[in-house]
Amino acid sequence: MQNAALARADLPLRYEAWDVEPSALPEALATLIAEHAGGNVTIPHKAAVFAACARRTAIADRVGAVNVFWVEGSTLVGDNTDVGGFDHLVRRAVGAAPWPRRAAVLGAGGSAAAVLAAIAEWGGTTASIWGRTPQSATALAARFGGTAVAVSSADLAVEGADLVINATPIGLDDLSLPMPIDRLPAGAVVVDLVYRPGETAWVRAARTAGHRAADGLAMLVEQGALAFERWFGVEADRDAMWAAVRRL
Ligand code: NAP
Numbered sequence: 573m574q575n576a577a578l579a580r581a582d583l584p585l586r587y588e589a590w591d592v593e594p595s596a597l598p599e600a601l602a603t604l605i606a607e608h609a610g611g612n613v614t615i616p617h618k619a620a621v622f623a624a625c626a627r628r629t630a631i632a633d634r635v636g637a638v639n640v641f642w643v644e645g646s647t648l649v650g651d652n653t654d655v656g657g658f659d660h661l662v663r664r665a666v667g668a669a670p671w672p673r674r675a676a677v678l679g680a681g682g683s684a685a686a687v688l689a690a691i692a693e694w695g696g697t698t699a700s701i702w703g704r705t706p707q708s709a710t711a712l713a714a715r716f717g718g719t720a721v722a723v724s725s726a727d728l729a730v731e732g733a734d735l736v737i738n739a740t741p742i743g744l745d746d747l748s749l750p751m752p753i754d755r756l757p758a759g760a761v762v763v764d765l766v767y768r769p770g771e772t773a774w775v776r777a778a779r780t781a782g783h784r785a786a787d788g789l790a791m792l793v794e795q796g797a798l799a800f801e802r803w804f805g806v807e808a809d810r811d812a813m814w815a816a817v818r819r820l
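The numbering of the sequence shown is our numbering, which starts it at 573 and goes up by one.
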């Protein structure tokens, strides 16, 4: 999708995937800085690149991870556009429904931190967070005090929620559900950060049961478009990016 946006902007550059072992990250970053490259980072490098950045945006500091970087002079700069991507996804999913007041977050990893950073910006929305490793959920909730509380089960997290978010990888197999549909509160908007061709089984089942529901594709495209705009200072052609991801 980045190559589609580059072509539409007439930028003679290529976006390439680099498979970098954690032990090779310092060398890879040195090469990228020397070449004044910009790029994205994903699991497992988001926290390491965060630490390597000499300057970060306030939102990246809030999340504790970067997913996009670029070089200014010889300074590595990091930002987190997953936050804006998630915000965009929820706005699309909620549509004309009332704005959520109580969110449930399933999962307590890097994307859950971006989710909580977005929710904290909304003002007036609180989140219950459940992680299968309780310490992770407790630590994350402590960082977002006033917005998030950690709870001991997924059922407790969704109690009274009008927005339920899957921030675990469950569902990548097109079979598993992060939570059975009949345990979701009636009317809750369902947002799955996981995406796959044909949407996820959870999103399809939630919609069949009458929930507004969306998978993570809109977050993927929007975080990418925001990254493009950080690198080049020109608007990304989102239609071209959507067309590219739909061809996958
Ligand atoms: P992460 O940092 O590895 O965190 C994953 C979280 O899910 C952790 O809390 C982990 O618990 C939990 N988890 C993993 N497997 C589980 C299972 N079988 N049952 C219950 N909990 C489980 O990953 P992440 O960066 O947050 O990403 C999570 C998923 O979000 C990714 O798989 C990806 O599909 C999706 N994502 C989508 C976008 C997008 O643009 N749409 C962006 C980012 C992420 P432990 O700590 O106990 O392992």
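The beta-carbon is built from N, C-alpha and C at its ideal position, and this holds for glycine as well. Treat the numbers as computed from the prediction; the structure is a model and nothing was measured.
Of the candidates W694, L678 and V762, L678 places its Cα closest to the Cα of V721. Note on I615: under 16 other CB atoms within 10 angstroms of its CB, so exposed under the neighbour-count rule. Checking the DSSP bridge columns, you'll see N612 partnered with V640.
Annotation: the continuous alpha helix (DSSP H) that includes A714 extends over P706 to R715. In this structure, I742 sits near P750, with a CB-CB distance shorter than 7 Å. Between the alpha carbons of A581 and V723 lies a gap of roughly 46 Å.
Between M573 and V817, the C-beta gap is smaller than 7 Å, which places the two residues in contact.
According to the DSSP assignment, W803 belongs to the alpha helix (DSSP H) that extends over L789 to F804. Out of T697, E599 and D727, the CA that lies nearest to the CA of R704 is found in D727.
Annotated three-state conformation of L688 is helix, per DSSP.
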